[in-house]
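Keeping their order, the protein sequence lines are chains A and B. In terms of the working numbering, the first sequence has 113 at position 133, counting the first letter as 1, and numbering is strictly consecutive. In terms of the working numbering, the second sequence has 126 at position 146, counting the first letter as 1, and numbering is strictly consecutive. By construction, the Cβ of each residue, glycine as well, lies at the ideal position given by its N, Cα and C atoms.
Number of protein chains: 2
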Amino acid sequence: MKKIIIFVANMNNTRFATVIHILTLLAKSPGEWLSSDWIAGSIQINPVIVRKELGELQDQGWVTSRKGKEGGYTLLIPGKDINLAAIYKTVKKTDVLGKKNLNPNPKCPIGKDMNKELEDLFAEIDETVFDALRHRTLESFVKQFG
Amino acid sequence: MKKIIIFVANMNNTRFATVIHILTLLAKSPGEWLSSDWIAGSIQINPVIVRKELGELQDQGWVTSRKGKEGGYTLLIPGKDINLAAIYKTVKKTDVLGKKNLNPNPKCPIGKDMNKELEDLFAEIDETVFDALRHRTLESFVKQFG
DNA sequence: CATTAATGTAATATGTTTTATTACAAATAA
DNA sequence: TTATTTGTAATAAAACATATTACATTAATG
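In structure tokens form, the structure reads like this:
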């Protein structure tokens, strides 16, 4: 699947939950082909959303798909090779601390430098989250399920 | 200002940026009364938004206000006594990793436990962010400005 | 080779959240 | 008394997220 992404505005707030749910199901059934309809039934969301997220997971090289009868999706790599920071990055569209205001007043001595200072702070906090997620893997997450 | 909050649905994505901007301006002018209009002019957002955020900052006990001519807002406590985790908590409405899906399928062995597992993970990441923000203060943030 | 079932994706609709705006009562300085 | 400011409700507009419909394409299988 090839995509040229010009600009994606939407930050889907349930995307991390959705994607880790999808990956958990796939990791629990290695070698099997799960359909978007079946996966959607577990999450109880629309199957088109599931297919879209699976498109991103294919872009990451984690998943492949098969069309037609008996088709579906399956994991290409073991869960221990997918860490949660990488999963988060596939769905993350805004900084952890949110968005900056677009036009702080350049004539105000504070306003003119605000976004530069926030840039540094926001980047640092994002890194903190990545660090915390990096040492966790899909495998360790999946192991928690009975 | 007393409020009974039944349920607040809105998570304003620029709220952290807005609130830290407001607090920075107040901290840079100790003892002065800044109007919501003047503050809004620095951020270049609507003054009503500024007054709403200042309402929350008053609830925290950090700020007080004065109505009427020559009125405005001023800081009640020094910037070193306000840490960024506390600021984040005043505006935070969702977990860092986002929202959970509402109704994972209880008949699915994965679906039925998903939100419990996500709950733990999401709480842990939130704590990580609080920890990173806790050792920074408004004072240290403000000092960065020329 | 017709049928069935699945992905991939566009287009559209609906719902939710965020931000801005309008309006005005209440307060207060001068 | 006038001018100015907060506090807040109500509404509007914009942005974002999710769901739905539709259908071309692909592939297994009887």
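- Considered as a whole, the region -15 to 64 of chain B harbours -5 to 8, 16 to 23, 27 to 39 as its complete alpha helix (DSSP H) runs of no fewer than 4 residues, in chain order.
- Taking the Cα of B:K60 as reference, the smallest distance to any Cα among B:F(-4), B:T4, B:K73, B:R(-5) is reached at B:T4.
- By alpha-carbon distance to A:V122, the top candidate from B:S16, B:N95, B:L14 is B:N95.
- Any Cβ of chain A closer than 7 Å to the Cβ of B:F125 would place that residue at the interface, and such an atom is present.
- A distance below 7 Å separates the beta carbons of B:V76 and B:D106.
- For the C-beta of B:G91, the chain A residues within less than 9 Å are, from N- to C-terminus, H1, L5, G21, S22, I23, Q24.
- Closest in C-alpha terms to A:W18, from the list A:E12, A:P27, A:I0, A:P10, comes A:P27.
- When DSSP states are grouped into helix, strand and coil, A:D75 belongs to the strand group.
- When A:R(-5), A:L101, A:Y53, A:H115 are compared, the shortest CA-CA separation from A:P10 is found for A:Y53.
- A Cβ-Cβ separation of about 15 Å leaves B:P84 out of contact with B:G78 under the 8 Å criterion.
- Just so you know, the alpha carbons of A:E50 and A:L64 end up roughly 30 Å apart.
- A straight-line Cα-Cα distance of about 49 Å links B:I67 and A:R46.
- The C-alpha of A:I57 is placed about 14 Å away from the C-alpha of A:L34.
- Burial of A:S22 is indicated by the presence of at least 16 other C-beta atoms within 10 angstroms of its C-beta.
- For B:T108, the uninterrupted alpha helix (DSSP H) run begins and ends at 91 to 114, by DSSP.
- Its chain contains T4, K8 as the residues whose beta carbon lies nearer than 8 Å to that of B:F125, once the 5 sequence neighbours on both sides are disregarded; these appear in chain order.
- Taking a C-beta cut-off of 9 Å against chain A, the contacting residues of the region 56 to 69 of chain B are L64, Y68, listed in chain order.
- For B:I105, the closest Cβ of chain A is nearer than 7 Å.
- Just so you know, the alpha carbons of B:S120 and B:K69 end up roughly 18 Å apart.
- Nearest to B:A103 by alpha-carbon distance, out of A:D100, A:L55, A:A112, A:E104, is A:A112.
- Cβ-Cβ distances below 6 Å link A:L98 to K80 in the same chain, with the five nearest sequence neighbours on each side left out; the list follows chain order.
- Taking the CA atoms as reference points, A:I2 sits about 8 Å from A:V30.
- Listed in chain order, the non-local C-beta contacts of A:G41 below 8 Å within the same chain comprise L56, I57, local neighbours out to five positions each way being set aside.
- For B:K87, there is no enclosing alpha helix (DSSP H), since its DSSP letter is neither H nor E.
- With a threshold of 7 Å between beta carbons, B:V28 makes no contact with chain A.
- Excluding the 5 residues flanking it on each side, B:R114 has same chain C-beta neighbours closer than 6 Å at N63, A65, in chain order.
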